[in-house]
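Asker: First the structure, then my questions, so here it is.
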Amino acid sequence: MGVTVGTLDLDAYVGAADAAIRAASSTDALDAVAAEYLGKKSQLALVQRTFGSLSDEEKRTAGAALQQVRSTLDGAISGRREALAAAERLEQLEADRLDLTEVVPAQVRRPLRRGHQHLISQTQAELEDVFVGMGFTVADGPEVETDWYNFEALNIPPAHPARGMWDTFYLELGDPETVVLRTHTSPVQVHLMEEAVANNTLPIHAVMPGRCFRRDTPDARHLHTFHQIEGLVIDEGITFTDLAGVIQTFTTAYFGPAMSSRLRPAFFPFTEPSAEFEITCAICQGAGCRTCSQTGWIELGGCGMVDPAVLDAVGIDATRYSGFAFGFGIDRCAQMRYQIADMRALVENDLRFVEQF
Ligand SMILES: [Zn+2]
12 MGVTVGTLDL DAYVGAADAA IRAASSTDAL DAVAAEYLGK KSQLALVQRT
62 FGSLSDEEKR TAGAALQQVR STLDGAISGR REALAAAERL EQLEADRLDL
112 TEVVPAQVRR PLRRGHQHLI SQTQAELEDV FVGMGFTVAD GPEVETDWYN
162 FEALNIPPAH PARGMWDTFY LELGDPETVV LRTHTSPVQV HLMEEAVANN
212 TLPIHAVMPG RCFRRDTPDA RHLHTFHQIE GLVIDEGITF TDLAGVIQTF
262 TTAYFGPAMS SRLRPAFFPF TEPSAEFEIT CAICQGAGCR TCSQTGWIEL
312 GGCGMVDPAV LDAVGIDATR YSGFAFGFGI DRCAQMRYQI ADMRALVEND
362 LRFVEQF
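Residue 12 is where the sequence shown starts when you use the numbering used here, and the numbers rise one by one after that.
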């Protein structure tokens, strides 16, 4: 049988409050329940205000009963509050969960910043493709060479005036002036010929791209570190006509059909006869401009028939084999094709320049 204080049945009151507390589905709802059953305007508070008419004995008994109700409901409310808070934390965690399997639609995806090959690397790859398409293989060689590979085997003995054509970086290795940063890719030709002789794998049809070094002061058309691609063909019955055909085919393939090439007599120690080859000036399409000194032509590289003395030096039978070699600047090709006024832009790594290609 329930305890009653004034008009309030305490058991029924606690029962109703308990049901409301358990039904509260959020901390906000629970706050409202707490205000309804324990707040200043609750029935509990109203009953308390009628105590003035009670005797001291009755006050004590009723007060203790109400206090009991209060602490019962307080306990129930704080228990429910903790349960709700825990559930809300879980909900938040669930909402914050990072779904690593989620597929983001392309239209809301932020674009990735991707790097790309430098113009020189792109140009080298493209030139390799052109020559591979003509049946050449691609060969590689060291950037540090001995004097023998860089000069002597190429028919440039010590004190030969032609050494003046290459301003050389010497390394402090071995005897003075015996180890160099290669001044051209031609030493790779010597390695290739030696290997072909040693392994009996003639003929040779190869191109050799790579970095070269000369003690030049950089300017609009020269760099101290630059890139060359060199070609070497050694086979039976090779003539100057084959060389001219390869140069013309390459020019058309890389620069397009509007570009032509021509050969002019020149001197190189390791080829005889030798020629410089020129292409139609890309800036004026051959009409004549300041870049090409009004000639309509731009020098791209050198070439010629391999000197029999070079074949002898590596042990190739010059009475049976003949060949041609050519070489030109990769940087110069890029400069011509993209009309880059100053070659130094290629190595300064200014993103505004680099990102254009
Ligand atoms: Zn021009």
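Using N, Cα and C, we set each Cβ at its ideal position, and we do this for glycine too.
Can you round the beta-carbon distance between Phe-335 and Asp-253 to whole angstroms, since I take them to be within the 8 Å contact cut?
Answerer: For this step, residue 335 is matched to residue 324 along the sequence shown. For this step, residue 253 is matched to residue 242 along the sequence shown. With a Cβ gap of about 7 Å, Phe-335 and Asp-253 count as contacting.
Asker: Quick one: using the 10 Å Cβ neighbour count with 16 as the cut-off for buried, is Pro-5 buried or exposed?
Answerer: As shown, the chain starts at 12 and ends at 368. That puts residue 5 outside it, with no answer to give.
Asker: Check whether the region 285–304 touches the region 312–330, counting contact only when three or more Cβ pairs, one atom from each stretch, lie closer than 8 Å.
Answerer: yes
Asker: Would you check if there are 3 or more beta carbon pairs closer than 8 Å linking the region 153–165 to the region 119–127?
Answerer: Three or more Cβ pairs closer than 8 Å define a contact, and the region 153–165 falls short of that threshold against the region 119–127.
Asker: Are the Cβ atoms of Trp-308 and Arg-273 separated by less than 9 Å?
Answerer: As a working mapping, residue 308 is identified with position 297 in the sequence shown. As a working mapping, residue 273 is identified with position 262 in the sequence shown. The answer is yes: Cβ separation under 9 Å.
Asker: Are Asp-246 and Ser-333 close, meaning C-beta to C-beta below 9 Å?
Answerer: Position 235 of the sequence shown, counted from the first residue, corresponds to residue 246. Position 322 of the sequence shown, counted from the first residue, corresponds to residue 333. Contact: yes.
Asker: Near Met-12, what residues of its chain come up, given a Cβ to Cβ distance below 7 Å and the 5 sequence neighbours on each side ignored?
Answerer: Position 1 of the sequence shown, counted from the first residue, corresponds to residue 12. For Met-12, the pLDDT reaches just 43, beneath the cut-off of 50, and the residue's location in the model is therefore unreliable, although a value from the coordinates is still provided. The beta carbon of Met-12 sits closer than 7 Å to none of the beta carbons in its chain outside the five residues before and after it.
Asker: Please name the residue, chosen from Phe-278, Asp-323, Gly-242, Ala-255, that lies closest to Val-143 on a Cα-to-Cα basis.
Answerer: For the purposes of this step, residue 143 is taken as residue 132 along the sequence shown, with counting starting at 1. Out of Phe-278, Asp-323, Gly-242, Ala-255, Gly-242 has the C-alpha closest to the C-alpha of Val-143.
Asker: Is the beta carbon of Asp-29 closer than 9 Å to that of Leu-84?
Answerer: Within the sequence shown, the letter at position 73 stands for residue 84. Within the sequence shown, the letter at position 18 stands for residue 29. Yes, the pair counts as a contact, with Cβ atoms nearer than the cut-off.
Asker: Using the beta-carbon count (16 or more within 10 Å), is Asp-230 buried or exposed?
Answerer: As a first step, residue 230 is located in the sequence shown; it is residue number 219 there, counting from the start. Looking at its Cβ environment, which holds fewer than 16 other Cβ atoms inside 10 Å, Asp-230 is exposed.
Asker: Where does Pro-220 fall in DSSP's three states?
Answerer: Here residue 220 is taken as the residue at index 209 of the sequence shown, counted from 1. Three-state result, Pro-220: strand.
Asker: My guess is that Phe-224 and Thr-236 are in contact by the Cβ rule of under 8 Å, so how many angstroms apart are they, rounded?
Answerer: Here the question's residue 224 lines up with position 213 in the sequence shown. Here the question's residue 236 lines up with position 225 in the sequence shown. The C-beta distance from Phe-224 to Thr-236 rounds to 6 Å, short enough to fall under 8 Å.
Asker: Flag Ile-309 as yes when its Cβ comes closer than 8 Å to any non-hydrogen atom of ligand 1, and as no otherwise.
Answerer: Working through the sequence shown from its first residue, we reach residue 309 at position 298. At least one heavy atom of ligand 1 sits closer than 8 Å to the Cβ of Ile-309.
Asker: Distance, Cα to Cα, Gln-350 vs Phe-279?
Answerer: In the sequence shown, residue 350 corresponds to position 339, counting from 1. In the sequence shown, residue 279 corresponds to position 268, counting from 1. Whole-angstrom Cα-Cα distance: 28 Å.
Asker: List the DSSP bridge partners of Val-199.
Answerer: In the sequence shown, counting from the first residue as 1, residue 199 sits at position 188. Bridge partners of Val-199 according to DSSP: none are assigned.
Asker: State the DSSP-derived secondary structure class of Val-358, mapped to helix, strand or coil.
Answerer: Here residue 358 refers to the residue found at position 347 of the sequence shown. Reduced to three states, the DSSP call for Val-358 is coil.
Asker: Looking at the secondary structure, which residues open and close the beta strand (DSSP E) in which Met-316 lies?
Answerer: By one-based count along the sequence shown, residue 316 stands at place 305. Its beta strand (DSSP E) spans residues 308–317.
Asker: Going by C-alpha distance, which of Glu-113, Ile-327, Gln-118, Val-14 is nearest Ala-207?
Answerer: Locating residue 207 in the sequence shown gives position 196, where the first residue counts as 1. Closest by alpha carbon: Ile-327.
Asker: Residues in the same chain with beta-carbon distance under 8 Å from Lys-52, minus the five sequence neighbours each way, listed in chain order, please.
Answerer: As a working mapping, residue 52 is identified with position 41 in the sequence shown. Closer than 8 Å at Cβ, skipping near neighbours: Ala-46.
Asker: Measuring only the C-alpha atoms, how far is Val-190 from Ala-298?
Answerer: Sequence index remark: in the sequence shown, residue 190 carries index 179 (1-based). Sequence index remark: in the sequence shown, residue 298 carries index 287 (1-based). The straight-line gap from Cα to Cα measures roughly 45 Å.
Asker: Between which two residues does the alpha helix (DSSP H) containing Phe-251 stretch?
Answerer: On the sequence shown, residue 251 is found 240 positions in, with the first residue counted as 1. Bounds of the alpha helix (DSSP H) holding Phe-251 are 251–266.
Asker: Quick one, are the C-beta atoms of Gly-340 and His-202 less than 9 Å apart?
Answerer: Along the sequence shown, one-based indexing puts residue 340 at 329. Along the sequence shown, one-based indexing puts residue 202 at 191. It is not a contact, given that the beta carbons lie outside the stated cut-off.
Asker: Please list the segments of the alpha helix (DSSP H) lying wholly inside the region 61–143, counting only runs of 4 or more residues, in order along the chain.
Answerer: 67–107
Asker: Let me check you understand the geometry: is the CB of Cys-300 closer than 8 Å to at least one non-hydrogen atom of ligand 1?
Answerer: Position 289 of the sequence shown holds residue 300. The answer is yes for Cys-300.
Asker: For ligand 1, is there a heavy atom less than 8 Å away from the beta-carbon of Gly-267?
Answerer: Your numbering for residue 267 matches position 256 in the sequence shown. Residue side-chain check: Gly-267 keeps its Cβ at 8 Å or more from all non-hydrogen atoms of ligand 1.
Asker: Considering only residues of the same chain and omitting the five flanking positions on each side of Phe-453, which have a CB-CB separation below 6 Å?
Answerer: As shown, the chain starts at 12 and ends at 368. That puts residue 453 outside it, with no answer to give.
Asker: Measuring only the C-alpha atoms, how far is Val-321 from Pro-198?
Answerer: Residue 321 sits at position 310 when you count from the first residue of the sequence shown. Residue 198 sits at position 187 when you count from the first residue of the sequence shown. Approximately 11 Å between the Cα atoms of the pair.
Asker: Anyone know if the C-beta pair for Leu-234 and Met-354 falls short of 9 Å?
Answerer: Against the sequence shown, residue 234 aligns to sequence position 223. Against the sequence shown, residue 354 aligns to sequence position 343. It is a contact, given that the beta carbons lie within the stated cut-off.
Asker: Is it true that the CB of Gln-296 sits closer than 9 Å to the CB of Ala-264?
Answerer: If you number the sequence shown from 1, residue 264 lands on position 253. If you number the sequence shown from 1, residue 296 lands on position 285. Taking 9 Å as the Cβ cut-off, Ala-264 and Gln-296 do not qualify as a contacting pair.
Asker: With a threshold of 8 Å on Cβ separation, who are the neighbours of Thr-302 within its own chain once the five nearest residues in sequence on each side are excluded?
Answerer: By 1-based counting over the sequence shown, the position of residue 302 is 291. Taken in chain order, the residues that qualify are Cys-292, Ile-294, Cys-295, Ile-309.
Asker: Is Cys-344 close to ligand 1? I mean its beta-carbon at under 8 Å from any heavy atom of the ligand.
Answerer: Numbered from its first residue, the sequence shown carries residue 344 at position 333. Cys-344 Cβ: outside cutoff for every heavy atom of ligand 1.
Asker: Quick one: what's Glu-156 bridged to in DSSP?
Answerer: Taking the first residue of the sequence shown as position 1, residue 156 is located at position 145. DSSP, once it has assigned bridges, lists Val-191 as partnering Glu-156.
Asker: List the endpoints of the continuous alpha helix (DSSP H) containing Thr-38.
Answerer: If you number the sequence shown from 1, residue 38 lands on position 27. Here the alpha helix (DSSP H) through Thr-38 covers 38–49.
Asker: Any idea if Leu-21 is buried or exposed, counting beta-carbon neighbours within 10 angstroms, 16 or more meaning buried?
Answerer: By one-based count along the sequence shown, residue 21 stands at place 10. Burial call: buried.
Asker: Between Ala-98 and the rest of its own chain, which residues show a CB-CB distance below 8 Å, the 5 nearest in sequence each way excluded?
Answerer: By 1-based counting over the sequence shown, the position of residue 98 is 87. Closer than 8 Å at Cβ, skipping near neighbours: no residue.
Asker: Verify whether the separation of the beta carbon atoms of Ala-43 and Ala-35 is less than 9 Å.
Answerer: Sequence index remark: in the sequence shown, residue 43 carries index 32 (1-based). Sequence index remark: in the sequence shown, residue 35 carries index 24 (1-based). Taking 9 Å as the Cβ cut-off, Ala-43 and Ala-35 qualify as a contacting pair.
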